[in-house]
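Numbering (my numbering), first residue to last: 1 to 172.
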């Protein structure tokens, strides 16, 4: 079916939820996948169980994380902006769940480059090593202006480049 038809179906299913619940779902949609703790951080206590348990198009992945099916996710993304306060509030929960790259993407997408730089600055080396290094490199490239007065970030960038076996790329 057409996008307009899919939007009408999704909108109809979302009408039984409060505006706040739909906004929280949208913030989760920006993350792609998320766990119950992240859902609760976005929507409040027991949000994962009480709201997402009856929400349309929520699937549990093979790894146990949750995600919205494509039409529901697209509707939420198209009709609700990423809330900067939500992105900043969700970042520590995501990092605690091992989703450093997702946390970085969320705060960068929300325009919170300083918060993303803080997040990288506060994340220890072994945790950074567990993240897909190309994703980290992309984040460092976006955060280049924030690195000028943060020697710790430059050291972490060097670590990522070393992990990628691409130390020579630091010169460009």
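Built from N, CA and C at the ideal position, the CB exists for glycine as well.
Predicted, not measured: the structure shown is a model, and the values here were computed from it.
{"Asked": "Cβ pair residue 30, residue 77 closer than 8 Å", "Found": "yes"}
{"Asked": "Separation of residue 153 from residue 171, as counted between CA atoms", "Found": "Model confidence at residue 171 stands at a pLDDT of 46, short of 50, so the residue's coordinates are unreliable and nothing is read from them."}
{"Asked": "Residue range of the alpha helix (DSSP H) that includes residue 131", "Found": "Run containing residue 131: none; DSSP gives neither H nor E here."}
{"Asked": "Sheet register partners of residue 58 (DSSP bridge)", "Found": "68"}
{"Asked": "Distance CB(residue 90)-CB(residue 42) smaller than 8 Å", "Found": "yes"}
{"Asked": "Residue 5, buried or exposed, once every other Cβ within 10 Å from all chains shown has been counted against 16", "Found": "exposed"}
{"Asked": "Stretch pair the segment 50 to 65 + the segment 106 to 126: three plus CB contacts closer than 8 Å", "Found": "no"}
{"Asked": "Straight-line Cα distance separating residue 115 from residue 164", "Found": "25 Å"}
{"Asked": "Three-state secondary structure assigned by DSSP to residue 123", "Found": "coil"}
{"Asked": "Rounded straight-line distance, which links the Cα of residue 102 to that of residue 128", "Found": "12 Å"}
{"Asked": "Contact belief for residue 56 with residue 14 at Cβ below 8 Å, rounded distance in angstroms", "Found": "7 Å"}
{"Asked": "Whole-number beta carbon distance between residue 71 and residue 10, since they are thought to touch under 8 Å", "Found": "6 Å"}
{"Asked": "First and last residue of the uninterrupted alpha helix (DSSP H) at residue 95", "Found": "84 to 96"}
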